[in-house]
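Participant: Taking this note's numbering, the leading residue of the sequence shown gets 51, the next gets one more, and so forth. C-beta: ideal position from N, C-alpha, C; glycine also.
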Amino acid sequence: MSNCPACGGHSTAKLFDVTADQASRSFVNPRQYPDRSKELTRHLALLWGCSRCDVRRCADCGFGFAEPFVAGGPEFYNLAAPHPSYPTMKWEYARTIEEFRVMKTAGRTVIDVGAGFGYFLDLVNNKLFRTSDIYAVDYNEQAISVLKLKGFNAYSSDLRSDSFEPMKEAFDIICMFQVFEHMDRVDEVFARLKYLLKAQGSVFIAVPNDIRTYFMERHGSLVDVPPNHIGRWTREAFGAICRRHGLQLTKCEREPFKLVSFLKQDLVESFLSRAEKPGSVGEFVRGLPRSQAQRIALALTALAFSPSRLPAWTDAARNSSTLGSALWVRIDKIS
Ligand SMILES: [Zn+2]
């Protein structure tokens, strides 16, 4: 058994496991896409080196992680989600910009890792940073061409790769929004962040709120299955990895809870969770040809389940202060 990837602790316990087939089913409906589903199952077994993956949790820092701790690569994402969509606005964007305003960003350099189509960068371009001071990293080829069209310096290679060697201490600010939870070799990531940062530079990271993830799983909503997310970061886990790399965890906040978006996500995900079960009504409806009729059938089936979500919603209302979507941190280079 390996140590905790965040703090190095030895005391970890298994939460649950998934087979390659179960994991595949949670990303791709086998009735709708039988070939892609089979291919994904085969790929996952290859990625893990066995037909099963565990999810464990560290007793010391609370970090939850896939074991084996391997990230999905381009092949996984092409099979699991061939057409990713990127949200244009997120709480963590606004929260980071709020921080930028206090920091005074004129003449500084920023790099967004996992920039997508550059929606975050659009918000700061020509206002807080000059276009020529803006850098972006993304794997997706379509994203790269959009980023370049916008005039940003765009790279498609891994942050840890040799292409970033010449950029020692090149950046005042590094952003990674909803990216770090997908990554393995997290020590290499942190070593590289420190390497790329200028003295007094800052990193802003947002990941899914672990409390919300566990809440959804406990209440029969979707299980957060690897290898999409392979790390469930906590404040303590960020604190531990920062200490080990000589960085300072300066701020850690949870997104405020929004009832409407929570109810929407819960209704959709608890429905999808049921739809993963072979032979369920949900699976049947999801497998129907895409049409107006399917959309109506989906909505009706989801609504029919809503009374069964009441206990989960009551519990959510009671614990709402901790159930926002994202966990956001600011990390500073102190030397
Ligand atoms: Zn730990």
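Starting from Ala-144, follow the alpha helix (DSSP H) in both directions and report where the run begins and ends.
Facilitator: 141-153 is the span of the alpha helix (DSSP H), which, as asked, contains Ala-144.
Participant: Any heavy atom of ligand 3 closer than 7 Å to the Cβ of Asp-110?
Facilitator: No copy of ligand 3 appears in this structure; the ligands present are ligand 1.
Participant: Any heavy atom of ligand 1 inside 7 Å of the beta-carbon of Ala-95?
Facilitator: Ala-95: no, Cβ never under 7 Å from ligand 1.
Participant: Just the C-alpha distance for Ser-271 and Ser-74, rounded to the nearest angstrom, thanks.
Facilitator: Each residue's Cα considered, the two are about 17 Å apart.
Participant: With DSSP collapsed to three states, give me the class of Cys-57.
Facilitator: It is coil, neither helix nor strand.
Participant: Which whole-angstrom value is the C-beta distance of Glu-319 and Gly-374, which I expect to be below 8 Å?
Facilitator: Wrong, their Cβ atoms sit about 16 Å apart, outside the cutoff.
Participant: Would you say Arg-282 reaches chain B, if we count a Cβ-Cβ gap shorter than 8 Å as a contact?
Facilitator: No chain B is present in this structure, which holds just one protein chain.
Participant: What are the uninterrupted segments assigned as alpha helix (DSSP H) that are 4 or more residues long and contained completely in the region 255-303, given in chain order?
Facilitator: 260-268 and 285-294, all fully within the region 255-303.
Participant: Below 7 Å, is the gap between the Cβ of Ala-63 and the nearest heavy atom of ligand 1?
Facilitator: No, since every heavy atom of ligand 1 falls outside the 7 Å radius drawn around the Cβ of Ala-63.
Participant: Report all residues from its chain with a CB closer than 7 Å to the CB of Thr-284; omit the five preceding and five following residues, and keep chain order.
Facilitator: Result list for Thr-284: Cys-111, Gly-112, Phe-113 and Asp-260, in chain order.
Participant: From what residue to what residue does the alpha helix (DSSP H) around Ile-194 run?
Facilitator: Residues 191-199.
Participant: State buried or exposed for Ile-384, treating a residue as buried only when at least 16 other CB atoms are found within 10 Å of its CB.
Facilitator: Exposed, by the Cβ-count rule.
Participant: What distance in whole Å lies between the Cβ atoms of Phe-77 and Gly-164, which are believed to be in contact at a cut-off of 8 Å?
Facilitator: 19 Å between Cβ atoms; not a contact.
Participant: Identify which residue in Ser-252, Pro-134 and Val-273 has its Cα closest to the Cα of Arg-262.
Facilitator: It is Val-273 whose Cα lies nearest to the Cα of Arg-262.
Participant: In three-state terms, what does DSSP make of Tyr-136?
Facilitator: Coil, per DSSP.
Participant: Between Val-275 and Leu-317, what straight-line distance do the alpha-carbon atoms span, to the nearest angstrom?
Facilitator: One C-alpha to the other measures close to 18 Å.
Participant: Check whether the Cβ of Ala-366 sits closer than 7 Å to any heavy atom of ligand 1, and report yes or no.
Facilitator: Result no, Cβ not under 7 Å from ligand 1.
Participant: Please classify Lys-301 as buried or exposed, where buried requires at least 16 other C-beta atoms within 10 Å of its C-beta.
Facilitator: Exposed, because fewer than 16 other Cβ atoms sit within 10 Å of the Cβ of Lys-301.
Participant: Can you tell which of Ser-207, Ser-211, Gly-251 and Ala-204 has its C-alpha closest to the C-alpha of Ile-224?
Facilitator: When only C-alpha atoms are compared, the closest one is Gly-251.
Participant: Could you please give me the residues that DSSP links to Leu-246 through a beta bridge?
Facilitator: In DSSP, Leu-246 forms no bridge with anything.
Participant: Would the beta-carbon of Gly-289 be found less than 7 Å away from any heavy atom of ligand 1?
Facilitator: No, ligand 1 has no heavy atom inside 7 Å of this Cβ.
Participant: Flag this pair as yes or no: are the beta carbons of Ala-186 and Gly-168 separated by less than 8 Å?
Facilitator: Yes.
Participant: Starting from Ala-376, follow the beta strand (DSSP E) in both directions and report where the run begins and ends.
Facilitator: Here the beta strand (DSSP E) through Ala-376 covers 376-383.
Participant: Do Ala-116 and Ile-280 have their CB atoms nearer than 8 Å?
Facilitator: Yes, the Cβ-Cβ distance between Ala-116 and Ile-280 is below 8 Å.
Participant: How big is the Cα-Cα spacing for Asp-365 and Leu-313?
Facilitator: Asp-365 and Leu-313: Cα-Cα distance of roughly 12 Å.
Participant: Go ahead and label Phe-66 buried or exposed: buried means 16 or more other beta carbons lie within 10 angstroms of its beta carbon, across all protein chains shown.
Facilitator: Label assigned to Phe-66: exposed.
Participant: Quick one, are the C-beta atoms of Arg-102 and Thr-155 less than 8 Å apart?
Facilitator: No.
Participant: Just verifying my parser: in three-state terms, what is the DSSP assignment at Asn-79?
Facilitator: If DSSP states are grouped into helix, strand and coil, Asn-79 belongs with coil.
Participant: For Thr-159, which of helix, strand or coil comes out of DSSP?
Facilitator: Thr-159 falls in the coil class under three-state DSSP.
Participant: Assess, as a yes-or-no matter, whether the region 292-301 is touched by the region 232-250 under the definition of 3 or more beta carbon pairs within less than 8 Å.
Facilitator: The region 232-250, when compared against the region 292-301, does touch it at the 8 Å Cβ threshold.
Participant: Return yes when the Cβ of Leu-97 is within less than 8 Å of the Cβ of Pro-277, no when it is not.
Facilitator: Yes, the pair counts as a contact, with Cβ atoms nearer than the cut-off.
Participant: Looking at ligand 1, does it come within less than 7 Å of Cys-292, judged from the CB to the closest heavy atom?
Facilitator: No, ligand 1 has no heavy atom inside 7 Å of this Cβ.
Participant: Using 8 Å for Cβ pairs, my map puts Asp-172 next to Gln-298. What's the rounded Cβ distance?
Facilitator: In fact, because the Cβ distance is near 30 Å, the residues do not count as touching under 8 Å.
Participant: For ligand 1, is there a heavy atom less than 7 Å away from the beta-carbon of Cys-57?
Facilitator: Cys-57 Cβ: within cutoff of ligand 1.
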